[in-house]
Amino acid sequence: MRFANLHDDIGNDIYDHKDQKDRLDTFHYPRFKQGNMCFSAIVCCFDGGQDWNTMCDTIRYVENAILHSKHFSFDDTKDIQVFIAVEGMCGIDKDPEERIDWLYMHHVRLASLCWNDDNALACGAKKGNKPLTDLGKRVIKEMNQVNMAIDTSHCCEWNFYDIARISTKPIIASHSNVKGLYNHYRNLSDPQLQVIQSKNGLIGGIPVRWFVDKKENNATLEDFIQVLIYIKEKIGTNHIALGFDFMDYIPGMEDSNVIGMKDITQIQNIATALQEHGFAQQEIEDICFNNAYNFMKNYI
Ligand SMILES: [Zn+2]
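For the sequence shown, the positions run 2 to 301 when this note's numbering is used.
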């Protein structure tokens, strides 16, 4: 089964390993091949402490690494197609139109306004609940204008509904699960699922333990499949994708994924589990690959 991934912090990983010039090809590529991951976001995450120059420096480095990769490319001319996604745009504190244009020019095709921070544009769900700022509204309009997909995975509920109202295009929650099964601040309520459906968007289910269940409960792949079943029952399989958010390559985070799918090399276990739960072959292909790929194809 082919897979697509809406969220993976590989951008930060390669930037943090500048000493390994071709880490993308030597470390990540063999793992992608083992899991049959064919399409992926390369995420640069900014947690709230970075200024615009730092953001640009990181994104330029990552873009360059992809342009010089033997196996990854922004188009379909190499083995694995990728796009840059930005998680948190804390560096945009003025000139939102010019800065969004700069990001787009540097292959950013999906972005969220904030991470867990409260910045000049938006407020993370962990931080509070308040309206989008005027600058944040201008960012959404410019993202629509340049054709950059909007990720709502980290923002607070008030921001979520503001974004849904202002954006003329679909919205994504690239790596979030459901409050109906586990009431985590990063998970989506049933009304939020309905909004994403009505805007023809996507939810990337995240098989990281503490978004599936309480951290100490050690959630399993079976628990994660229940999340996908829940979304299917509420809004159908057309709006389900995957946002893996692998952290196993981050020191100290090796055990972040659900038990039964320890890293990218074991993602085929998801396809097998979906089959065992009676998902049709077409539904499995859609969840694992088609929905994310077909959605992002409109932006790349
Ligand atoms: Zn995140």
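Virtual Cβ for every residue (Gly too), placed ideally from N, Cα, C.
Spatial distance of residue i from residue j (CA atoms)
| i | j | result |
| --- | --- | --- |
| residue 132 | residue 113 | 15 Å |
| residue 247 | residue 45 | 13 Å |
| residue 58 | residue 276 | 43 Å |
| residue 13 | residue 230 | 32 Å |
| residue 27 | residue 67 | 13 Å |
| residue 151 | residue 48 | 17 Å |
| residue 321 | residue 300 | Absent from the structure is residue 321, since the part of the chain shown begins at 2 and ends at 301. |
| residue 176 | residue 153 | 9 Å |
| residue 90 | residue 2 | 34 Å |
| residue 76 | residue 108 | 11 Å |
| residue 30 | residue 73 | 8 Å |
| residue 238 | residue 70 | 34 Å |
| residue 84 | residue 78 | 13 Å |
| residue 19 | residue 97 | 29 Å |
| residue 41 | residue 95 | 30 Å |
| residue 5 | residue 149 | 18 Å |
| residue 199 | residue 64 | 33 Å |
| residue 196 | residue 38 | 29 Å |
Residue i (DSSP reduced to helix, strand or coil)
| i | result |
| --- | --- |
| residue 187 | coil |
| residue 245 | coil |
| residue 36 | helix |
| residue 117 | coil |
Start and end residues, alpha helix (DSSP H) containing residue i
| i | result |
| --- | --- |
| residue 283 | 282 to 286 |
| residue 104 | 97 to 106 |
| residue 203 | No alpha helix (DSSP H) holds residue 203; the beta strand (DSSP E) holding it covers 203 to 206. |
| residue 161 | 158 to 167 |
| residue 63 | 53 to 68 |
Where the beta strand (DSSP E) through residue i begins and ends
| i | result |
| --- | --- |
| residue 124 | No beta strand (DSSP E) holds residue 124; DSSP gives it neither H nor E. |
| residue 82 | 81 to 88 |
| residue 264 | No beta strand (DSSP E) contains residue 264, which DSSP labels as neither H nor E. |
| residue 152 | 150 to 152 |
| residue 75 | Looking at the DSSP string, residue 75 is not in any beta strand (DSSP E), and its letter there is neither H nor E. |
| residue 290 | Taken as a continuous stretch (DSSP letters only), residue 290 belongs to no beta strand (DSSP E), as it is neither H nor E. |
| residue 4 | 4 to 6 |
8 Å CB neighbourhood of residue i in its chain, flanking five on each side removed
| i | result |
| --- | --- |
| residue 158 | 126, 130, 190 and 193 |
| residue 241 | 203, 204, 206, 229, 232, 233, 287, 288 and 292 |
| residue 186 | 126 and 127 |
Close beta carbons around residue i, own chain, < 6 Å, minus the five adjacent residues each side
| i | result |
| --- | --- |
| residue 274 | 222 and 226 |
| residue 224 | 213 and 214 |
| residue 169 | 145 |
| residue 87 | 45, 109 and 112 |
| residue 62 | 16 |
Those residues which DSSP pairs with residue i across a bridge
| i | result |
| --- | --- |
| residue 222 | Paired residue(s): none; residue 222 is not in a bridge. |
| residue 295 | None, per the DSSP bridge assignment. |
| residue 109 | 85 |
| residue 174 | 204 |
| residue 239 | Note: residue 239 sits in no beta bridge, so no partner. |
| residue 258 | 209 |
| residue 199 | Note: residue 199 sits in no beta bridge, so no partner. |
| residue 42 | 84 |
Sequence-distant residues of the same chain with beta carbon closer than 7 Å to residue i, five excluded per side
| i | result |
| --- | --- |
| residue 33 | 81 and 265 |
| residue 100 | 53 and 93 |
| residue 255 | 249 |
Contact with chain C by residue i, beta-carbon distance below 8 Å
| i | result |
| --- | --- |
| residue 264 | Checking the listed chains, one finds no chain C in this structure; it contains a single protein chain. |
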